[in-house]
Each structure stands twice: as C-alpha cells, then as structure tokens.
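Single-structure report; data block below.
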Amino acid sequence: ENGNSTGNDGPASRFPLGFIPETGRQDLLQLAAAAETRLKVMDEEGIDKVALFPTHALRLGGVRHPQLAPALFRAYNNWLAEHCAPNKDRLLGVAMIPLQEPDLAVKEAERAVAELGHRGLFISPHPVDDRNLDHPSYEALWHLAAELNVPALVHVSTGIRLPTAGAERFDRYSLFHLHAHPMEQMTAAASLILGGVLERHPRLRVGFMEAGCGWVPYWLERMDEHAENYRFELPHLRERPSVYFRRQCFVSFELEERALPYVAETVGAETLVFASDFPHHDCFFPGAVEKIRQRADLDTELVSAILSDNPGRLYFGE
7 ENGNSTGNDG
17 PASRFPLGFI
27 PETGRQDLLQ
37 LAAAAETRLK
47 VMDEEGIDKV
57 ALFPTHALRL
67 GGVRHPQLAP
77 ALFRAYNNWL
87 AEHCAPNKDR
97 LLGVAMIPLQ
107 EPDLAVKEAE
117 RAVAELGHRG
127 LFISPHPVDD
137 RNLDHPSYEA
147 LWHLAAELNV
157 PALVHVSTGI
167 RLPTAGAERF
177 DRYSLFHLHA
187 HPMEQMTAAA
197 SLILGGVLER
207 HPRLRVGFME
217 AGCGWVPYWL
227 ERMDEHAENY
237 RFELPHLRER
247 PSVYFRRQCF
257 VSFELEERAL
267 PYVAETVGAE
277 TLVFASDFPH
287 HDCFFPGAVE
297 KIRQRADLDT
307 ELVSAILSDN
317 PGRLYFGE
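In my numbering, the protein residues as written are 7 to 324.
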C-alpha cells in the first residue's frame, strides 16, 4: 500500500517495497538481474570486480527447519554460482553459510568455495540459540575460512527471525534499520576480537560491511580500554583489540561519510574498502567510483587503497 509493505519475517515493521518504486530504483533491480547487464554497468562505472551479497536471502539465517534450512542455503549458493558463471573473475560470489547448524556450515563453506568457486563467506551477526560468533562450535568454520583463504564477511539482516539490535524497541523500519546495522557490527567485532577468534586464527580476514565506518574508532578505543580494565576476564588476548582489527579486519563506508578521513588516520587506511551497495534503493548510482575520486578530502594514495589495494587484500589476501 502506497509503496510500502509490512515485514512479517522478523520485527513487525513497514519498509519500502522493492525499495519504493516511486523513487525510480526499480530500474536498478532490472540492471542487476542478469550477469550480462550487471557486467555492462560495471564497465560503465569503472568497476573491475564485484562481490555479490544476498538481499532477500539474508533471511535464511532465521529458518530453523533442520532439512529445509541447509537445502535453502545450498540452493542459493548453487544459483549464485550460475549467476556468476559468465565471468567468475569479475563476479565474486559471497556464499551463504547455515550458522544454525555449525557442522553443516563448515561443509557448505567448503563446498561453496572448493566446488562452486565463491570468494567469501557471508556471516550473520545475529545469535542462533544464544551463540555469538566466538562460540566454540564455530571454531572449525574460522579455521576453514583461513585455510581456504576467503574472508568472513559480516553483514546485518533486518527482518530475520533472530535477535537484532533495535527490533524490540522500534516499530518504524527507519529507526530499526538505523540501530541494527552499526550495533550488530559492533557486537560482532567485540565477539570476534574480545572473544579471541582473531587471536586463535591470525590468518582469518574479516570484513564488516554496510554499516559505515564511523563506529570503528570509538569502538576500538572502548574495546582497548575494556581489555585493559578487565584483563582478568580476557587473559587470552596477547594484543590490544585495535591491533587485531588493524591486522585482520576491513570495513566498508558510505560514499559521503565525513568520518572517512578520520578513520583512515586513526584506525588505518589499510582497513577501508569501497562498497557500492548496488542495486539497493539507497545506493549512489550512477557515478559511485567517480564520487570517491572527486572527494577533496581524500588524497590519491588513499583513494587507490580503498578502491583497489584493500579490496584485493580482503578478498584474495593479496
């Protein structure tokens, strides 16, 4: 009704349908529907490679049926491989992993990378059965990701049937979305770093996607402080949390985010990666790459790092 629909697969909320047809963004969905049209858009935008994340499939993490859930993940990953097949060097699939079943998550991750050729593992930060990302049942998954040389890519799912920051407090999608993305990323970072995952798996690369980068300096400073003040609870940490982040983590940013130069200076330019969010309704299109190049507050070295060097290290370890 009026371009809106009611979400019933998670918090009851009204959100843009197809991301509000009136805004003219439906054309973007059509451009992204087939590999051939997507590749043409990439050429026009000056983008060499893209990592493809799910949209509606984000909700699969909340499916609890023991047979249906793994089948849905396999089906999505199979479809994604077919979608990327016209040019797998440029279209990089990010595989969905069933964290509901940790043993199956490992098997599907190995299949998705070794057999299907996907270049990343989609990691939902939402706890399943009260398991945060540092839960012992996920140790084999982190080990495998490091062995396969693919990143663990943390991305929030609004509308999932799992605990989500803001879901119980807001009935407006705008307020829910505002809270969910950065707060779930902060929780994921704390779990992976303070929980010792990055200490135990020093070759694991982690990306925190689509929540901006402004939260990172504050959160690292706060984690460093807590690691010092609560050292008796965190004896497994050999480094300050900020050291682990700079060593193994990457974060995407909003194209017009004013905090970007500050994050580059205080956290490290080597941690920042470009993301277009195409074809969502709030993406900057056309001209996303040019938008970054034209920012007067970014020098050419930083622009090169966030557009090319850092994404290469995140996805390929280069």
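Ideal Cβ placement from N, Cα and C applies to all residues, glycine included.
Assigned secondary structure, residue 196 (DSSP; H/G/I helix, E/B strand, else coil) = Under the three-state reduction of DSSP output, residue 196 falls in the helix class.
query = Hey, is residue 239's beta-carbon within less than 9 Å of any beta-carbon in chain D?
reply = The structure shown has no chain D; it contains just one protein chain.
ask   = Between which two residues does the beta strand (DSSP E) harbouring residue 213 extend?
value = From DSSP, the beta strand (DSSP E) with residue 213 extends over 212-214.
ask   = Out of curiosity, what's the CA-to-CA distance linking residue 122 and residue 84?
value = Going by the C-alpha atoms only, they are around 7 Å apart.
query = Among the residues of its own chain, which have a CB less than 7 Å from the CB of residue 111, if the five just before and after it don't count?
reply = In the same chain as residue 111, and ignoring 5 residues on each side of it, the C-beta atoms closer than 7 Å to its own belong to 103, 104, 105 and 147, in chain order.
task = Measure how close the beta-carbons of residue 115 and residue 151 come, nearest whole angstrom, since I'm counting them as under 8 Å.
result = Beta-carbon to beta-carbon, residue 115 and residue 151 are separated by about 7 Å, close enough to satisfy the 8 Å threshold.
task = Write down the C-beta distance between residue 100 and residue 58 rounded to the nearest angstrom, noting that I regard them as a contact closer than 8 Å.
result = At roughly 6 Å, the Cβ-Cβ gap stays under 8 Å, so residue 100 and residue 58 are in contact.
Reduced DSSP category for residue 264 - H, G, I as helix; E, B as strand; rest coil = For residue 264, the secondary structure class from DSSP, reduced to helix, strand or coil, is coil.
ask   = Between the C-alpha atoms of residue 293 and residue 243, what's the straight-line distance to the nearest angstrom?
value = The alpha-carbon separation between residue 293 and residue 243 amounts to approximately 43 Å.
task = Report the rounded CA-to-CA distance for residue 233 versus residue 223, giving the unit in angstroms.
result = The straight-line gap from Cα to Cα measures roughly 15 Å.
task = Have a look at 191, 52, 210 and 299 and flag the residue whose alpha-carbon is nearest the alpha-carbon of residue 258.
result = The residue with the shortest Cα to Cα distance from residue 258 is 191.
ask   = What is the DSSP secondary structure of residue 129, reduced to helix, strand or coil?
value = Here residue 129 sits in strand by DSSP.
Own chain partners of residue 320 with C-beta closer than 8 Å, once the 5 adjacent residues on each side are dropped = Within its own chain, the residues whose Cβ lies closer than 8 Å to the Cβ of residue 320, once the five positions on either side in sequence are excluded, are 157, 211, 213, 256 and 279, listed in chain order.
ask   = Since residue 269 contacts residue 219 with CB under 8 Å, what's their CB separation in whole angstroms?
value = Yes, residue 269 and residue 219 are in contact; Cβ-Cβ is about 5 Å, under 8 Å.
ask   = Whose CA, out of 288, 228 and 118, lies closest to the CA of residue 246?
value = Comparing alpha carbon positions, the residue from 288, 228 and 118 closest to residue 246 is 228.
request  = Closer than 7 Å by C-beta to residue 318: which residues in its own chain qualify, once you throw out the five before and the five after it? Chain order, please.
outcome  = Sequence-distant Cβ neighbours of residue 318 in its own chain, meaning closer than 7 Å and more than five residues away, are 324.
task = Tell me, please, whether the segment 42-53 touches the segment 288-305 by the rule of three or more beta-carbon pairs shorter than 8 Å.
result = Yes: at least three Cβ pairs fall under 8 Å.
Separation of residue 67 from residue 133, as counted between CA atoms = Roughly 10 Å separates the two Cα atoms.
key: Unbroken stretches of the beta strand (DSSP E), 3 residues or longer, contained in the segment 123-170   = Unbroken beta strand (DSSP E) runs of no fewer than 3 residues, entirely contained in the segment 123-170, are found at 126-129 and 158-160, following chain order.
ask   = Residues in its own chain within less than 7 Å of residue 149 by CB, not counting five upstream and five downstream?
value = Excluding positions up to five away in sequence, the list reads 207.
query = DSSP state of residue 101, grouped into three classes?
reply = Three-state result, residue 101: strand.
query = Can you give the Cα-Cα distance for residue 64 and residue 184, rounded to whole angstroms?
reply = Just so you know, the alpha carbons of residue 64 and residue 184 end up roughly 17 Å apart.
message = Let me make sure I understand the geometry here. Which of 125, 33 and 35 has the alpha-carbon closest to that of residue 322?
response = Residue 322 has its Cα closest to that of 125, out of 125, 33 and 35.
query = Are the CB atoms of residue 188 and residue 38 nearer to each other than 9 Å?
reply = No, the pair does not count as a contact, with Cβ atoms beyond the cut-off.
request  = Return the Cβ separation of residue 308 and residue 275 in integer angstroms, given the expectation that the two are a contact with Cβ distance under 8 Å.
outcome  = Residue 308 to residue 275, Cβ: 5 Å. Contact.
ask   = Would you call the CB atoms of residue 98 and residue 46 closer than 9 Å?
value = At the C-beta level, residue 98 and residue 46 stay beyond 9 Å of one another.
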